[in-house]
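Chains as they are written, first to last, in the working numbering: chain A, 1 to 419; chain B, 420 to 553.
Yeah, the Cβ is synthetic: ideal placement off N, Cα and C, and Gly gets one too.
In this text the structure is predicted, and so the values were computed from the model without any measurement.
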Amino acid sequence: MQLTDGEKRMLNGECAPGIQKAVELLVKLGDSFDAERLVPISYGHISYDLCPEDFWNLMTEGVPRTPHRVTTHPSSQPETFKAWGLPVTDQWVEEHARKLERFKQLGWLRTETCAEYLLGIMPQKGDIVSMGGSCMQVANNSLFGARVDRMGVLVSLAAAVSGRCPLMGLLLQENRYASHLVELDDLDVTDWTLSHYHCLGYYIGDQIPGFRPVAVNGLPPNLSFDFARALVISMPTSGAVTLGHVVGSTPEAPTLEAALGNRKPEQVIRVGKQEMSETWERLNVWDDDIVEHVSFGCPHATIDEIGRISALLEGKKLKTSLLIGASVSVEALARHQGYAGIIEKAGGHFLPVCPSIGNPFTRRDIAGHKQAKSAATNSARSAHYLATVSGVKVFFGTEEECVKAAITGRWKGEVPKWK
Amino acid sequence: MEIRAHTVSAGKAEGQALVYKGPFSFMGDLDPTTGKIPVPRHLLEGENLVDKVFVFTTGKGSSGGDCIAWMAKENGNVPSAIICLESEPVLSGAVIITGIPTVDRPEKDIFELIQTGDYVKVDATAGIIEIVGK
């Protein structure tokens, strides 16, 4: 691989031991994919929460404040969990605090969200960005036209430390055209909600081999940001899709021809009423209708979602626990607006955690005997991870059905009647 | 018999083959505390990957796979070598970080030539798979 003089100095250990190890790793990874060189990133996104402490220490050893911006994924809040009386170990609380202190020393931003574009932190079209978190990768690739390759959480730390990543995969234009095309078959989307788009994305992710780019055709042009987001972030849950073009809506797909790079798709996948119903049913994993927990905010909630939930909860009392995953910034706006007060008075909580993988109400290793054994959600990604990572029963339905379940403790959701 | 392949993560190792004709993710498909495949209804449910030459199609799934691989390696619960049809960046990063000798793009049909239980040597640095014994 061709390295610049600056990169050679990094690799020789002239900058910092952590930077040396980071560049060694990126060069080996790039070599294995025949990358010609490294390229600078315009910003990086990592997860200090998921990164084991010894690897964290290796990669950050001696590293000074970085000139480029680095942000972080949703994070567990062990101190808050402990204050809630959950059986978390002191070792975890201390490890987490040590990593966070070092994180801030590096000048990195404690965004703790998978939706930092809601904070005004987003790449521009064509920017090269390194990111951990498959939901961040697919959202920033697809919705902003940034260039983000698939990479692991530990590799994303190496990229953040050194400000470089190998020029490969989805950073290269020729790899960004859709190889697979999805056509909607006789589906009227006029009344669709977020959950419907989640369901469609989940079906698509399952149909695409590997992480090949996909184009979805046949949705209304200028699809709302929230709907497009729900659609693409569900794809790498059932599969590994890292770039999903929504024809007529996302930056690299003004037309079908542009999304496909004027080539014929390798495969056309048709989605109709039957596929949607089967996927919706597959996301529901339950026997009786008792709901113990309701989770929103996968991906992290927008102020509009929180507003709709608060309108449904005004003056109500919850039978279940309720968690809204949101950044502290969006939560602050919800508080300012009066939404947070209504939701909390009803019994709900806000946390900048991942409500799917790191949910403190459903994870047995966090909640102990207080673990909820069933959870309702309007997100396919949440449904998938609540069932597999937490191992609880899962109800998948619309926002309204989930709020009703939180109030009554019973599930009355139904598979939609497709038009 | 020798099969040429492409280097993903350098190093040499050998062991009994464990063959799975499907994709693999360190996150979910490997319990880092035991080295076993914990997935219910998985074809290899309960099989132990430790010290095996693990043969599968490609990587998949969560970007946190490399974190789990790191934890598994620290517990000594990783395969001795990996052979797959085509790697992807999360899997490649994980095996490079943990130093698991790994090759992909084999020049012959590994699912035809390698069966579970065969003794296999992998020289990932040179890109050579050697099937020693059936």
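Counting only the same chain and skipping the five closest in sequence on each side, list residues whose C-beta sits under 6 Å from that of residue i.
i: R212 of chain A; result: S179 and H180
i: E116 of chain A; result: T71
i: E421 of chain B; result: I547 and E549
i: K273 of chain A; result: W418
i: P498 of chain B; result: L468, K471 and F473
Taking DSSP as the reference, what is the three-state secondary structure of residue i?
i: A432 of chain B; result: strand
i: E14 of chain A; result: coil
i: R98 of chain A; result: helix
i: Y43 of chain A; result: strand
i: F361 of chain A; result: coil
i: D191 of chain A; result: coil
i: M490 of chain B; result: helix
i: P166 of chain A; result: strand
i: C298 of chain A; result: coil
i: K28 of chain A; result: helix
i: H198 of chain A; result: helix
i: F33 of chain A; result: coil
i: S310 of chain A; result: helix
i: V551 of chain B; result: strand
i: S390 of chain A; result: helix
i: N424 of chain A; result: Examination of residue 424 of chain A is not possible in this model, given that chain A is present from 1 through 419 alone.
Strictly below 9 Å CB to CB, what residues from chain A border residue i?
i: G426 of chain B; result: The sequence shown places Thr at residue 426 of chain B, rather than the Gly named in the question. Chain A residues near T426 of chain B: D31 and S32.
i: K479 of chain B; result: G210, F211, G239 and A240
i: I515 of chain B; result: L25, K28, L29, S32 and V155
Taking C-beta pairs closer than 9 Å, name the residues in chain B that residue i reaches, listed in chain order.
i: P52 of chain A; result: C486, W489, M490 and E493
Show which residues of chain B have a CB atom less than 7 Å away from the CB atom of residue i.
i: M151 of chain A; result: S482, P508, V509 and G512
i: F211 of chain A; result: E507
i: S134 of chain A; result: S481 and S482
i: G169 of chain A; result: P508
i: F55 of chain A; result: W489
Less than 7 Å separating the beta-carbons of residue i and residue j?
i: A432 of chain B; j: T544 of chain B; result: no
i: C199 of chain A; j: A380 of chain A; result: yes
i: P352 of chain A; j: V330 of chain A; result: no
i: C135 of chain A; j: C114 of chain A; result: yes
i: G132 of chain A; j: S162 of chain A; result: no
i: Y202 of chain A; j: S249 of chain A; result: no
i: K373 of chain A; j: A346 of chain A; result: no
i: V241 of chain A; j: I208 of chain A; result: yes
i: G397 of chain A; j: G409 of chain A; result: no
i: L256 of chain A; j: V403 of chain A; result: no
i: G297 of chain A; j: A326 of chain A; result: yes
i: A158 of chain A; j: L26 of chain A; result: yes
i: V431 of chain A; j: A376 of chain A; result: Absent from the structure is residue 431 of chain A, since the part of chain A shown begins at 1 and ends at 419.
i: S76 of chain A; j: G368 of chain A; result: no
Taking residue i as the reference, give the member of the options with the closest Cα.
i: K319 of chain A; options: A:I306, A:R308, A:V353 and A:G348; result: A:G348
i: S42 of chain A; options: A:I303, A:R147 and A:L283; result: A:R147
i: F475 of chain B; options: B:G483, B:P508, B:K440 and B:G495; result: B:K440
i: E464 of chain B; options: B:S481, B:F443 and B:G478; result: B:F443
i: V182 of chain A; options: A:V268, A:G132 and A:Q124; result: A:V268
i: E101 of chain A; options: A:P123, A:Q124 and A:R65; result: A:R65
i: S321 of chain A; options: A:S356, A:F361, A:N284 and A:R308; result: A:F361
i: P67 of chain A; options: A:G107, A:R229, A:T60 and A:E95; result: A:G107
i: W92 of chain A; options: A:C15, A:P78 and A:Q105; result: A:P78
i: K1 of chain A; options: A:F33, A:A301 and A:A22; result: Sequence inspection shows Met at residue 1 of chain A; the Lys mentioned does not correspond to that position. Of the candidates A:F33, A:A301 and A:A22, the one whose C-alpha sits nearest the C-alpha of M1 of chain A is A:F33.
i: K370 of chain A; options: A:E401, A:E14 and A:V88; result: A:V88
i: A139 of chain A; options: A:L243, A:L223 and A:I46; result: A:L243
i: R37 of chain A; options: A:M59, A:K21, A:A16 and A:M168; result: A:M168
i: E399 of chain A; options: A:G126, A:E305 and A:H384; result: A:E305
i: D448 of chain B; options: B:A488, B:H425 and B:S511; result: B:A488
i: H96 of chain A; options: A:Q137, A:K82 and A:Y48; result: A:Y48
i: Y197 of chain A; options: A:G218, A:V153, A:P355 and A:A228; result: A:A228
i: T492 of chain B; options: A:P299, A:G62 and A:F55; result: Contrary to the premise, residue 492 of chain B reads as Lys rather than Thr in this sequence. The shortest C-alpha separation from K492 of chain B is found at A:F55.
i: G429 of chain A; options: A:E61, A:D191, A:E344 and A:V232; result: Lying outside 1 to 419, the shown extent of chain A, residue 429 of chain A is not represented and no answer is given.
i: A230 of chain A; options: A:F350, A:D191 and A:H300; result: A:H300
What does residue i reach in chain A if we use C-beta pairs closer than 7 Å?
i: G447 of chain B; result: T388
i: I529 of chain B; result: Those do not exist, as I529 of chain B stays about 18 Å from chain A at its closest Cβ, beyond 7 Å.
With a threshold of 8 Å on Cβ separation, who are the neighbours of residue i within its own chain once the five nearest residues in sequence on each side are excluded?
i: E505 of chain B; result: T476, T477, D523 and R524
i: E466 of chain B; result: L437, K455 and I456
So with CB distances below 8 Å, who are the chain A contacts of residue i?
i: I501 of chain B; result: Within chain A, no residue comes near I501 of chain B; the closest Cβ sits about 12 Å away, beyond 8 Å.
Which same chain residues end up closer than 7 Å to residue i when comparing Cβ atoms and leaving out the 5 residues on each side of it in sequence?
i: K540 of chain B; result: E433, E549 and V551
i: G536 of chain B; result: Q435 and A436
i: I519 of chain B; result: S428, V497, P498, A500 and I501
i: S261 of chain A; result: The displayed chain sequence assigns Gly, not Ser, to residue 261 of chain A. Excluding positions up to five away in sequence, the list reads Y177.
i: K104 of chain A; result: R110
i: E266 of chain A; result: S179 and H180
i: T279 of chain A; result: C199, Y202 and Y203
How about residue i: is its C-beta nearer than 7 Å to some C-beta of chain E?
i: F227 of chain A; result: The structure shown contains no chain E; its protein chains are A and B.
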